[in-house]
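Trainee:
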Amino acid sequence: MVTDCQKREVFHFFFLEWLQRVSDPKIYVLKGGVNLRFFFQSPRFSEDMDIDVLAGAVHTLKKNGYKILKDLSFQRSLRVFGIDQVFINDPSKAKQTQTVQRFRVQLLTSGGDFLPTRIEFSRRTDKTFAYCIDRVNPEISRLYQRLAFPCQHYTGESAVLQRILALAGRE
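Here it is as structure tokens:
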């Protein structure tokens, strides 16, 4: 039985895997809770996925993001995990600026529930944070019957510092 948290996670995992295929993986750096889970064995599941963009045009990322989300084989691959359909929130209302690009979706589960999630790309990168390239945790890959793939992500030290700064900035 796949939990709702795992359904969001498998969606993030598959989206990230597909993104690596349709574009240059060296222009993205995974951050936030998904980074902590996929690379540092965090037990906490993340509702959303955050990625820094190092290069590339807004229109190219927008095209690639919607191409993945609308792809029927992408959506079919999620059905095994209890996600019957991916509903994309109104693209005309989606934030697509030079600084931030957001893709909001609703995952329709086989039980009839809707699980909201988003993928946010940011071009507000702070060059002081170190990143590296590693394979996604094989334990997580195995859960979703996939091979671990290489992905750029922030190092543990950078991820912790980013988390502290994010929490300090909340009111």
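For the sequence shown, position 29 (counting from the first letter as 1) is numbered 123 according to this note's numbering, and the numbering increases by one without interruption. Don't be surprised by glycine CBs; every beta carbon is placed ideally from N, CA and C.
Using alpha carbons as the reference points, say which of GLY205, ARG218, VAL116 and LEU172 lies closest to THR193.
Mentor: Locating residue 193 in the sequence shown gives position 99, counting from the first residue. The option with the nearest alpha carbon to THR193 is ARG218.
Trainee: With which residues is VAL147 paired in a DSSP beta bridge?
Mentor: The sequence position of residue 147 within the sequence shown is 53, counting from 1. For VAL147, which the question treats as bridged, DSSP gives the partners TYR122.
Trainee: What residue range does the beta strand (DSSP E) around GLU141 cover?
Mentor: For this step, residue 141 is matched to residue 47 along the sequence shown. Neither: GLU141 is in no beta strand (DSSP E) and is coded neither H nor E.
Trainee: Thinking C-beta only, is SER186 closer than 8 Å to PHE223?
Mentor: Residue numbering aside, residue 223 sits at position 129 when the sequence shown is read from its first letter. Residue numbering aside, residue 186 sits at position 92 when the sequence shown is read from its first letter. Taking 8 Å as the Cβ cut-off, PHE223 and SER186 do not qualify as a contacting pair.
Trainee: Under 6 Å Cβ to Cβ from GLY150, same chain only, skipping five residues before and after it: list those, please.
Mentor: The count along the sequence shown starts at 1 and reaches residue 150 at position 56. Around GLY150: ILE121.
Trainee: Check whether the region 200-218 and the region 227-246 are in contact - that is, three or more C-beta pairs closer than 8 Å.
Mentor: The region 200-218 is not in contact with the region 227-246.
Trainee: Along the chain, where does the beta strand (DSSP E) containing GLN246 start, and where does it finish?
Mentor: Looking up residue 246 in the sequence shown gives position 152. Run containing GLN246: 244-248, per the beta strand (DSSP E) assignment.
Trainee: Report back the beta-carbon spacing between ARG131 and LEU209 to the nearest angstrom; my notes put them in contact at under 8 Å.
Mentor: Walking along the sequence shown from the start, residue 131 turns up at place 37. Walking along the sequence shown from the start, residue 209 turns up at place 115. Not confirmed; about 17 Å, so no contact.
Trainee: Quick one: is THR154 buried, meaning 16 or more other Cβ sit within 10 Å of its Cβ, or exposed?
Mentor: Translated into positions along the sequence shown, residue 154 becomes position 60. Classification of THR154: exposed, given that the 10 Å Cβ count is below 16.
Trainee: So, for GLN200: in the same chain, excluding its five sequence neighbours on each side, which residues have a beta-carbon less than 6 Å away from its beta-carbon?
Mentor: The residue you call residue 200 lines up with position 106 of the sequence shown. For GLN200, where only same-chain residues beyond five positions count, the Cβ hits under 6 Å are PHE181, PHE208 and PRO210.
Trainee: Quick check for students: name the residue ranges of the beta strand (DSSP E) that lie wholly in the region 185-218, counting only runs of 3 or more.
Mentor: If we require 3 residues or more, the beta strand (DSSP E) runs fully inside the region 185-218 come out as 194-203 and 208-216.
Trainee: Please tell me whether GLN195 and VAL128 are closer than 8 Å, where the distance is taken between their beta carbons.
Mentor: Working through the sequence shown from its first residue, we reach residue 195 at position 101. Working through the sequence shown from its first residue, we reach residue 128 at position 34. Cβ distance not < 8 Å, so GLN195 and VAL128 don't count as in contact.
Trainee: Does the region 155-167 touch the region 135-146, meaning 3 or more C-beta pairs lie closer than 8 Å?
Mentor: With the cut-off at 8 Å, the region 135-146 and the region 155-167 do not touch.
Trainee: Expressed to the nearest angstrom, what Euclidean distance is found between the alpha-carbon atoms of ARG229 and ASP184?
Mentor: For the purposes of this step, residue 229 is taken as the residue at position 135 of the sequence shown. For the purposes of this step, residue 184 is taken as the residue at position 90 of the sequence shown. Those two C-alpha atoms are separated by around 33 Å.
Trainee: Can you check whether the CB of LEU124 is closer than 8 Å to the CB of HIS247?
Mentor: Within the sequence shown, residue 247 is the residue found at index 153, counting from 1. Within the sequence shown, residue 124 is the residue found at index 30, counting from 1. Yes, these two residues count as a Cβ contact at 8 Å.
Trainee: Apply the 10 Å Cβ neighbour rule to GLY126 and answer buried if 16 or more other Cβ atoms are within range, or exposed otherwise.
Mentor: Indexing the sequence shown from 1 puts residue 126 at position 32. So GLY126 counts as buried.
Trainee: Reducing DSSP to helix, strand and coil, say where GLN179 ends up.
Mentor: To locate residue 179, count along the sequence shown from 1; it is residue 85. In this structure, GLN179 counts as strand in the three-state DSSP scheme.
Trainee: Taking all protein chains shown into account, do 16 or more other C-beta atoms lie within 10 angstroms of the C-beta of GLU111, making it buried, or fewer, making it exposed?
Mentor: In the sequence shown, the residue the question calls residue 111 occupies position 17. Buried, because 16 or more other Cβ atoms sit within 10 Å of the Cβ of GLU111.
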